[in-house]
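*Asks:* Dropping a structure here in structure tokens format, bear with me for questions.
Residue numbers (UniProt numbering), protein chains in the order written: chain A, 1 to 365; chain B, 1 to 365; chain C, 1 to 365; chain D, 1 to 365.
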């Protein structure tokens, strides 16, 4: 919006004084005029305070390790998680206004005690293994490439069964839930409730079969019952999309760009009500179109090197790096090597509220 | 309903004559009184004309082979399919009022030409292999234990690539579509449009990954895009349910009874709008509860021996046998050996219309 | 479909004998070949047995009155309802394969006892008043132009509070429910459970306010909770559509053709799961396009005269006449005077099952 | 949550220094530890910064009138709207974190120019008349008791056709849209696009008929197409609920408490995706239960006097007063006279995201 003040003849000194008294009386009565701030409140298009930013894995991981040496994990602080704080959001531990992203670090043989909360959570593993997250009593192995769910109000704790530390990424809707005053939290057991270390969780044994659902579970659930989306399935799906493209069949999002969305098999929709998660694979040398969309997103490079062009600025990334893309920021991804990217966003919130918009821009080059 | 005539004093001869004239005048005007037939039209509970019945595979298969020797397959008749005609339905080729079930037979090197129709169809393979069904140009291998979809208005043809014949079961909603006057049909190519013989269809390569959907296909579709549900996945899902039961976790429908429903990954619902399909596995010696439900169902024994108790009558079955269970018929299944059963029904029609009911009966013994 | 037999060389006498034996063996085993009847079973487009037909009110009403003199109403026969039997459906009391339409007649002071059934029912009143239908204990006045609901499994009875008879039209899904074996029925009280005669039912007082729903009733219900859609609202809505058209605003279906659909305020969808109901008003001299649609429909002329052109044949109609339009029958309506038409159909069944299709034809003149 | 720091032995000075270096390095890398702020971020139940508060109409209205004398309305500032700023929200013009409420004032013959925005808006009129709001070219009269919609992305302007000023309440989702970076805005005409002053908008003539929808408008729409919910309908619906209660029939929310929800007739759901609106009527001397619910709400007293007990504190209110109830605040309403209350809230956001909870408390007295 252009002008923030109504066009009007120059006020007299008496008028100015009367206006000042009016504004003071407004303030005294907890009132604020719209006309002095319309442009900020209601911009022509989204004008986020959040900024595009990259956190490098080679910086993140050593800091997490130092935290592992200095800070115990346990009841009260609950998790050794270090949040990525968007530099535009005034120091709050939010990667976007709605999303939380953190690196979580668990030392050898450590346990993060059980609790549950209304916030939806997931983990994504870019390296390492040996931790089991126990979700409502079901032990779920965490391994490289796996995407793991802890939907709202499910008890969960983690324990490291090995002599090596492990770190991974947590994604949650903490900022959204905090802002909207919808948070509930409850402590659970100090230890994880089942210390078994199976390869597959019970949830996967019930649910991770393509197109098949157990007859004993026919309800639609708010979140996906598949506790773990394993790398082998994700990798195979992406490989087959690119092979289909090679054979001349429509399968990819755009040339050289394969992608899957993690979904809730009881609905076909997103894994959790507030969070969308996807995995993208770009062939070496390929690039996406430049896209804007309502809602904010975070990428983690799973493998390879490339460049994210965000509102025109180039950001080079390598394995493990995390990148935040604010709402309506123009985003283009260029793969140098083949590039594998995990992505999550808050889009389901806005699709459900009919606030979602997207635009594809002309290639600027 | 008890009485079909309203309770009334005995009519006089004059009244009887007047009534006869009235009924004749009704008939002349294409009118029919309700009061003479209420009980039949509106019974206290479903009173199907369709009857429980078993067709034995050892009878069916040789008849299909004789048809293979005597009747060519091709344009016009289109398919060498022999329908199971419920003995209660007056000779119409309907296994229930809504469902069609047939054995289809394709000789060595034969082709069934392409066509499409509004009727929804599937195939289930109880033995053999070597035929590819080509659905909208996508070749889909048919092998023992596979469940294969041809949803309404998809072109499809079949061809046998081997020197041996192959037979399988077709299930369709032909009677329902016929009765409701909603049928459309179109001829396609005389040959199948792609003679490739891949292990996996393109549909599976895009879609048969647990909880993952291609980002290039985000619409909800009326029918499942998974062309083939492979036996290895079905078998593994059932095995894991029984293992979970052994470990003390809830997973099965009832003790000793594992089951999966084939679903549409874009919705979590049934594979096609009019047809539900499931696979059931009973441990040796186990039995289901006695259940009634609105809507009709067909079972095919995939493996093993057992007994279906239908409205109290025992029907012994073995591999390949087909059994029809009419609406509201009390059904109990007893496994002698371990018993694997494919099942399909018209239930989605009635769930959507809020006409569905089910009841579990006390064990009669 | 063209040929119903596969093209093949002329069989030898031996082959013919073998084929005859095969067909006999099929019959003995309750089997029927597809190839001898494909064209009938799976036509190129719907080929209903039901035929377009008109029942004249001036014939119907006197027959109903004669029934009123000769046939008592009461427990057993339950209703003095005379069904319109489509001349193409072999004498069954079905106006289409899915729909029941009947004239119901209640003499002075008579009562039709309470019962409930899974079939969905409505009444539409083309003339008269003085009967209350009592639906789950709520007395609902019946007056000219009113559309009244008795959704499945609601107890209901009727009683005539006056010294004059009254007749109206019943519409139900009896044939569909009968064919699909989904019928349940239960007797209720011999008398109506509340003999009050209020102008408005309790259901209307709770629900018949535009865009407002009671906070004590927030569930979605399978059927509309508005027991009565009053003529004054229907008439006003149609009048305003035509006035908007006169003022140059889009409001009508096509020039001169106003129409409303009766809906369920808890969903915005059809009043009952299996039945759609609408009211149409054509200006004098106007006509609709020629339309075909999947599913069958019944019109009753509420007021005026005109012509229905059904598959090319002209049928002149006047107030009270009922007309059946089978599935996929081409239908054009021409108004002589202004023409008010009540219409009901089975379309919701087919929309939900993704079987619905419609086509608008070029004006043939 | 109890402790915000993990329980641990007292650190040594060296450890303290190392920790301080670690926290500094975190800050330098835009990182923030979870363990120092878990309790604030993830409380045991919602702990809003927003506070319960009352704005008195007798204070609000004179301030709006003074603004009318001093501040022109027109392009740029667009609206003479004075926002109610929750005293807990640091001076931002938000009545809750998600909702905007303002008094808007339009002097005699003034016009507020047309624009559109992605924010959803409504108006509610507690006194006065003579302004028409023109929504996508459709003039909508504003009168006492009316609830008027301007859903997102509809052009709208207002003009006062009289020689008297008029003030009303605006409700929008501005804070939510601002926080989530989903705002779009576009200027329209400087004048309203249709200066006609009809009693009923075209939207009402098409849509405001109970249970009837125009056949020319069959799509589900994100927001209600009923531009205006008139007082006469609201009042009648509430009156009839209380009469039904008097007659012994279930109709009210609780004894003496009638209420309606304004709904979208194309879905049966809320009028707009982010905003719920209701009208409540309490009999003199009655009271509601004490309720908490997730999400924030605003009440305006339409008529009468009473008390809102919010987290135990009593707030006396009279006609025109506005009261904000933050998320999870315990709320009980006591009517002195009969009490009519308009209410709006952000609940639909949370219901769709499965974050909604509510609780009814024991009467504390």
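Glycine residues also receive a C-beta, built at the ideal position from the N, C-alpha and C atoms.
1) Is residue 360 (chain B) buried or exposed, if buried means 16 or more other CB atoms sit within 10 Å of its CB?
2) Of the residues that make up the region 259-290 of chain C, which ones have a beta carbon closer than 9 Å to any beta carbon in chain D?
3) Can you tell me the Cβ-Cβ gap for residue 185 (chain A) and residue 117 (chain A), rounded? I've got them flagged as a contact below 8 Å.
4) Within its chain, find whatever has a CB closer than 7 Å to the CB of residue 67 (chain C); leave out the 5 residues flanking it on each side and keep chain order.
5) For residue 33 (chain A), list the residues DSSP reports as bridge partners.
6) So who's on the other strand from residue 366 (chain A), going by DSSP bridges?
7) Is residue 278 (chain A) near residue 306 (chain A), with beta carbons less than 8 Å apart?
8) Output the boundary residues of the beta strand (DSSP E) element that contains residue 300 (chain D).
9) Which of helix, strand or coil does DSSP assign to residue 148 (chain D)?
10) If you drop the 5 nearest sequence neighbours on each side, which residues of the same chain put their C-beta closer than 7 Å to that of residue 254 (chain C)?
11) Using a Cβ-Cβ cut-off of 8 Å, state whether residue 3 (chain A) counts as contacting chain B.
12) Would residue 79 (chain D) count as contacting chain A if we go by Cβ distances under 8 Å?
13) If you draw a straight line from the alpha carbon of residue 131 (chain A) to that of residue 154 (chain A), how long is it in whole angstroms?
14) Name, going along the chain, the residues of the region 205-219 of chain B whose beta-carbon falls closer than 7 Å to a beta-carbon of chain A.
15) Counting only C-beta atoms, is residue 255 (chain C) closer than 8 Å to chain D at any point?
16) Using only the alpha-carbon positions, how far apart do residue 159 (chain A) and residue 311 (chain D) sit?
17) In whole angstroms, what separates the C-alpha of residue 99 (chain D) from that of residue 298 (chain D)?
18) List the whole-angstrom C-beta distance separating residue 135 (chain A) from residue 20 (chain A), where the pair is believed to meet the contact cut-off of C-beta under 8 Å.
19) What do you reckon, are the CB atoms on residue 260 (chain B) and residue 212 (chain A) nearer than 8 Å?
20) Using 8 Å as the threshold, is the C-beta distance between residue 128 (chain C) and residue 166 (chain C) below it?
21) For a test of the three-state rule: what should DSSP assign to residue 69 (chain D), helix, strand or coil?
22) Do residue 150 (chain B) and residue 327 (chain C) count as a contact pair if the criterion is CB distance below 8 Å?
23) Between which two residues does the beta strand (DSSP E) carrying residue 55 (chain A) extend?
24) For residue 4 (chain D), does the three-state DSSP call read helix, strand or coil?
25) DSSP puts residue 212 (chain A) in a beta bridge; with which residues?
26) To the nearest whole angstrom, what separates the beta carbons of residue 93 (chain D) and residue 37 (chain A), a pair I think is in contact under 8 Å?
27) What would DSSP say about residue 356 (chain C), mapped onto helix, strand or coil?
28) When the Cα atoms are used, what is the spatial distance from residue 87 (chain C) to residue 26 (chain C)?
29) Give me the Cα-Cα distance between residue 294 (chain A) and residue 55 (chain C), rounded to the nearest whole angstrom.
30) Mind pulling the chain C residues with CB within less than 8 Å of residue 83 (chain B)?
31) Give the interface partners of residue 349 (chain B) over in chain A, defined as CB-CB distance under 8 Å, in chain order.
32) Quick check: is the beta carbon of residue 224 (chain B) nearer than 8 Å to any beta carbon in chain A?
33) Since residue 238 (chain B) contacts residue 276 (chain B) with CB under 8 Å, what's their CB separation in whole angstroms?
34) Quick one: residues in its chain with C-beta nearer than 6 Å to the C-beta of residue 222 (chain A), no 5 flanking neighbours on either side, listed in chain order?
35) Compare the C-beta of residue 244 (chain D) with all C-beta atoms of chain C and state if any pair is closer than 8 Å.
36) What residues from chain B crowd round residue 313 (chain C), counting only those whose CB sits closer than 7 Å?
*Replies:* Answer, in terms of the structure:
1) To locate residue 360 (chain B), count along the second chain from 1; it is residue 360. Residue 360 (chain B) comes out exposed.
2) 259, 260, 261, 262, 263, 264, 265, 266, 267, 268, 269, 271, 278, 279, 280
3) The count along the first chain starts at 1 and reaches residue 185 (chain A) at position 185. The count along the first chain starts at 1 and reaches residue 117 (chain A) at position 117. The pair is a contact, with the Cβ atoms about 4 Å apart (cut-off 8 Å).
4) To locate residue 67 (chain C), count along the third chain from 1; it is residue 67. So the qualifying residues of the chain are 80, 82, 105.
5) Indexing the first chain from 1 puts residue 33 (chain A) at position 33. In DSSP, residue 33 (chain A) forms a bridge with D:82.
6) A query on residue 366 (chain A) cannot be resolved here, the shown segment of chain A reaching from 1 to 365 and no further.
7) Walking along the first chain from the start, residue 278 (chain A) turns up at place 278. Walking along the first chain from the start, residue 306 (chain A) turns up at place 306. Cβ distance not < 8 Å, so residue 278 (chain A) and residue 306 (chain A) don't count as in contact.
8) Your numbering for residue 300 (chain D) matches position 300 in the fourth chain. Run containing residue 300 (chain D): 297-303, per the beta strand (DSSP E) assignment.
9) Numbered from its first residue, the fourth chain carries residue 148 (chain D) at position 148. DSSP places residue 148 (chain D) in strand when its eight states are reduced to three.
10) Your numbering for residue 254 (chain C) matches position 254 in the third chain. Closer than 7 Å at Cβ, skipping near neighbours: 288, 289.
11) Translated into the one-based positions of the first chain, residue 3 (chain A) becomes position 3. Residue placement at residue 3 (chain A) is flagged as unreliable, the pLDDT there being 37, under the threshold of 50; the coordinate-derived value follows with that caveat. False, the Cβ-Cβ gap to chain B never drops below 8 Å.
12) Mapped onto the fourth chain, residue 79 (chain D) falls at position 79. It does: the Cβ of residue 79 (chain D) has a partner Cβ on chain A nearer than 8 Å.
13) For the purposes of this step, residue 131 (chain A) is taken as residue 131 along the first chain, with counting starting at 1. For the purposes of this step, residue 154 (chain A) is taken as residue 154 along the first chain, with counting starting at 1. So the two alpha carbons sit approximately 18 Å from each other.
14) 205, 206, 208, 209, 210, 211, 212, 213, 214, 215, 216
15) Numbered from 1 along the third chain, position 255 holds the residue referred to as residue 255 (chain C). No, residue 255 (chain C) does not count as interfacial toward chain D.
16) In the first chain, counting from the first residue as 1, residue 159 (chain A) sits at position 159. In the fourth chain, counting from the first residue as 1, residue 311 (chain D) sits at position 311. Computed Cα separation, rounded: 40 Å.
17) Here residue 99 (chain D) is taken as the residue at index 99 of the fourth chain, counted from 1. Here residue 298 (chain D) is taken as the residue at index 298 of the fourth chain, counted from 1. Distance between the alpha carbons of residue 99 (chain D) and residue 298 (chain D): 9 Å.
18) Locating residue 135 (chain A) in the first chain gives position 135, counting from the first residue. Locating residue 20 (chain A) in the first chain gives position 20, counting from the first residue. Their Cβ separation, rounded to whole angstroms, is 59 Å, which puts residue 135 (chain A) and residue 20 (chain A) out of contact at 8 Å.
19) What you label residue 260 (chain B) is simply residue 260 of the second chain in a count that begins at 1. What you label residue 212 (chain A) is simply residue 212 of the first chain in a count that begins at 1. Closer than 8 Å, so yes.
20) The residue labelled residue 128 (chain C) in the question sits at position 128 within the third chain. The residue labelled residue 166 (chain C) in the question sits at position 166 within the third chain. A contact, by the Cβ cut-off of 8 Å.
21) The residue you call residue 69 (chain D) lines up with position 69 of the fourth chain. Looking at residue 69 (chain D) - three-state DSSP - the assignment turns out to be helix.
22) Here residue 327 (chain C) is taken as the residue at index 327 of the third chain, counted from 1. Here residue 150 (chain B) is taken as the residue at index 150 of the second chain, counted from 1. Cβ distance not < 8 Å, so residue 327 (chain C) and residue 150 (chain B) don't count as in contact.
23) Translated into the one-based positions of the first chain, residue 55 (chain A) becomes position 55. Per DSSP, residue 55 (chain A) belongs to the beta strand (DSSP E) from 53-55.
24) Residue numbering aside, residue 4 (chain D) sits at position 4 when the fourth chain is read from its first letter. Residue confidence for residue 4 (chain D) is low, a pLDDT of 41 falling below 50, so the modelled location carries little weight and cannot support an answer.
25) Residue numbering aside, residue 212 (chain A) sits at position 212 when the first chain is read from its first letter. Paired residues: B:262.
26) Within the fourth chain, numbered from 1, the residue matching residue 93 (chain D) stands at position 93. Within the first chain, numbered from 1, the residue matching residue 37 (chain A) stands at position 37. Indeed they touch by this definition, with Cβ atoms about 7 Å apart.
27) Here residue 356 (chain C) refers to the residue found at position 356 of the third chain. In this structure, residue 356 (chain C) counts as coil in the three-state DSSP scheme.
28) Locating residue 87 (chain C) in the third chain gives position 87, where the first residue counts as 1. Locating residue 26 (chain C) in the third chain gives position 26, where the first residue counts as 1. So the alpha carbons of these two residues sit roughly 33 Å apart.
29) Within the first chain, numbered from 1, the residue matching residue 294 (chain A) stands at position 294. Within the third chain, numbered from 1, the residue matching residue 55 (chain C) stands at position 55. Looking at the two C-alpha atoms, the distance is approximately 58 Å.
30) For this step, residue 83 (chain B) is matched to residue 83 along the second chain. Within chain C, the residues near residue 83 (chain B) are 31, 32, 33, 34.
31) Mapped onto the second chain, residue 349 (chain B) falls at position 349. Under the 8 Å cutoff, chain A gives no residues; its nearest Cβ is about 17 Å from residue 349 (chain B).
32) Residue mapping note: residue 224 (chain B) aligns to position 224 of the second chain, counting from 1. Yes, because at least one Cβ of chain A sits closer than 8 Å to the Cβ of residue 224 (chain B).
33) Mapped onto the second chain, residue 238 (chain B) falls at position 238. Mapped onto the second chain, residue 276 (chain B) falls at position 276. Their Cβ separation, rounded to whole angstroms, is 17 Å, which puts residue 238 (chain B) and residue 276 (chain B) out of contact at 8 Å.
34) The residue given as residue 222 (chain A) occupies position 222 in the first chain. Answer for residue 222 (chain A): 273, listed in chain order.
35) Taking the fourth chain and counting its residues from 1, the one referred to as residue 244 (chain D) is at position 244. With 8 Å as the cut-off, residue 244 (chain D) counts as an interface residue toward chain C.
36) For the purposes of this step, residue 313 (chain C) is identified with residue 313 of the third chain, where counting begins at 1. Residues of chain B passing the Cβ test: none, with the nearest at roughly 16 Å.
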